[in-house]
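In the UniProt record's numbering, the protein residues as written are 1 to 111.
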């Protein structure tokens, strides 16, 4: 008979604090970052061009804030983006929730 040990990991309290929206509208996805569990929070990407990356080692730590340049913000304006996954070389892939005839796919290099 084998037994498994389950551990509960709470999300960090500061995730989404920069976002003036209700928690129910928080847009965050679990991804893999450097072989570790990470949270890619992108609630404010559409309006402010900002995201945050939190990584869990023994506890959560905020690794970086990513900001779109003003000339790039048109690509996310009025588009609902979702995380589609990560690449082997550490990029997170964001694509529109609803695909149309013309759309952008964002590929953030997290390294």
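Glycine included, C-beta positions come from ideal geometry on N, C-alpha and C.
DSSP beta-bridge partners of residue i
{"i": "residue 107", "result": "93"}
{"i": "residue 7", "result": "According to DSSP, which records beta bridges pairwise, residue 7 is partnered with nothing at all."}
{"i": "residue 57", "result": "BP columns for residue 57 are empty, so no partner."}
{"i": "residue 52", "result": "41 and 65"}
Nearest-angstrom Cα separation, counted from residue j out to residue i
{"i": "residue 66", "j": "residue 96", "result": "19 Å"}
{"i": "residue 102", "j": "residue 3", "result": "50 Å"}
{"i": "residue 29", "j": "residue 100", "result": "23 Å"}
{"i": "residue 94", "j": "residue 38", "result": "15 Å"}
{"i": "residue 92", "j": "residue 98", "result": "18 Å"}
{"i": "residue 52", "j": "residue 42", "result": "7 Å"}
{"i": "residue 40", "j": "residue 63", "result": "10 Å"}
{"i": "residue 71", "j": "residue 82", "result": "21 Å"}
{"i": "residue 90", "j": "residue 109", "result": "6 Å"}
Residue interval of the alpha helix (DSSP H) (run including residue i)
{"i": "residue 47", "result": "45–48"}
Residue i - containing beta strand (DSSP E), residue span
{"i": "residue 61", "result": "60–67"}
{"i": "residue 85", "result": "81–86"}
{"i": "residue 168", "result": "No information on residue 168 is available, as it lies outside the stretch 1 to 111 that the chain covers here."}
{"i": "residue 41", "result": "36–41"}
Where residue i sits in the DSSP three-state scheme
{"i": "residue 74", "result": "helix"}
Quiz item: Is there contact between the region 5–17 and the region 55–70, where contact requires at least three CB pairs shorter than 8 Å?
Solution: yes
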